[in-house]
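Have a look at the structure below, then the notes.
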């Protein structure tokens, strides 16, 4: 794991977190049709079934964010994972994913799933999830399979 990372649960009052969340949503809308954007906005991230973390470096700079949503007993979903653009390709995404998986296990989850885009813009994310042991799975929840939607899952 990348050293000197600090995970902060909540952190919704930080302007840089709000800015990264806006960037995340805008990027999702640029890469997918509006009806296929499943990223949570600030209100969605503040729901009681969602836990959200920002990740900061030693200097306090915001490096990224990620959330874990409880779908049902024992099953969670990775939501709103994003690395700040200035910190891409430095292992931050893998560190966020490792943190979310650790929190999922600690919270008693036995399976974690996620949905990501199926087009080229999401290829790096899909590769990272596959390296972390996620495998494609049938659509779950309210997701509908098509060329813009890829679902993944893994046991914990």
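Numbering (the UniProt record's numbering), first residue to last: 1 to 156.
Every residue gets a Cβ at the ideal spot worked out from N, C-alpha and C, and that includes glycine.
| task | Determine the extent of the alpha helix (DSSP H) in which residue 29 is found, giving its start and end residues. | result | Within the chain shown, the letter at position 29 stands for residue 29. Counting along the chain, the alpha helix (DSSP H) containing residue 29 begins and ends at 15-31.
| Who are the Cβ neighbours of residue 58 in its own chain at under 7 Å, not counting the five residues just before and after it? | For this step, residue 58 is matched to residue 58 along the chain shown. For residue 58, where only same-chain residues beyond five positions count, the Cβ hits under 7 Å are 4.
| message | So residue 152 and residue 142 are supposed to be a Cβ contact under 8 Å. How far apart are they, rounded? | response | As a working mapping, residue 152 is identified with position 152 in the chain shown. As a working mapping, residue 142 is identified with position 142 in the chain shown. That belief does not hold up - the Cβ atoms of residue 152 and residue 142 are roughly 16 Å apart, past 8 Å.
| Reduced DSSP secondary structure (H/G/I, E/B, other) of residue 157 | No answer is possible for residue 157: the residues shown for the chain start at 1 and end at 156.
| said: According to DSSP, is residue 149 part of a helix, a strand, or is it coil? | reply: Here the question's residue 149 lines up with position 149 in the chain shown. Strand, per DSSP.
| query | Looking at the structure shown, is residue 58 part of a helix, part of a strand, or coil, going by DSSP? | reply | One-based indexing of the chain shown puts residue 58 at position 58. Note: residue 58 maps to coil in three-state DSSP.
| Relative to the alpha-carbon of residue 86, which residue among 78, 102, 62 and 11 has its alpha-carbon at the smallest distance? | Indexing the chain shown from 1 puts residue 86 at position 86. When each option's Cα is compared against that of residue 86, the closest is 62.
| field | Supposed close pair residue 109, residue 74 - CB separation, criterion 8 Å | value | Taking the chain shown and counting its residues from 1, the one referred to as residue 109 is at position 109. Taking the chain shown and counting its residues from 1, the one referred to as residue 74 is at position 74. Their Cβ separation, rounded to whole angstroms, is 6 Å, which keeps residue 109 and residue 74 in contact under 8 Å.
| According to DSSP, is residue 105 helix, strand or coil? | In the chain shown, counting from the first residue as 1, residue 105 sits at position 105. Residue 105 falls in the helix class under three-state DSSP.
| Looking at the unbroken beta strand (DSSP E) that takes in residue 117, where does it start and where does it end? | Stepping through the chain shown from its first residue, residue 117 is reached at position 117. First-last of the beta strand (DSSP E) with residue 117: 111-117.
| query | In its own chain, which residues sit with a C-beta less than 7 Å from the C-beta of residue 149, not counting the 5 before and 5 after it? | reply | Start at 1 with the first residue of the chain shown, and residue 149 comes out as number 149. The answer, listed in chain order, is 36, 115, 118, 139 and 143.
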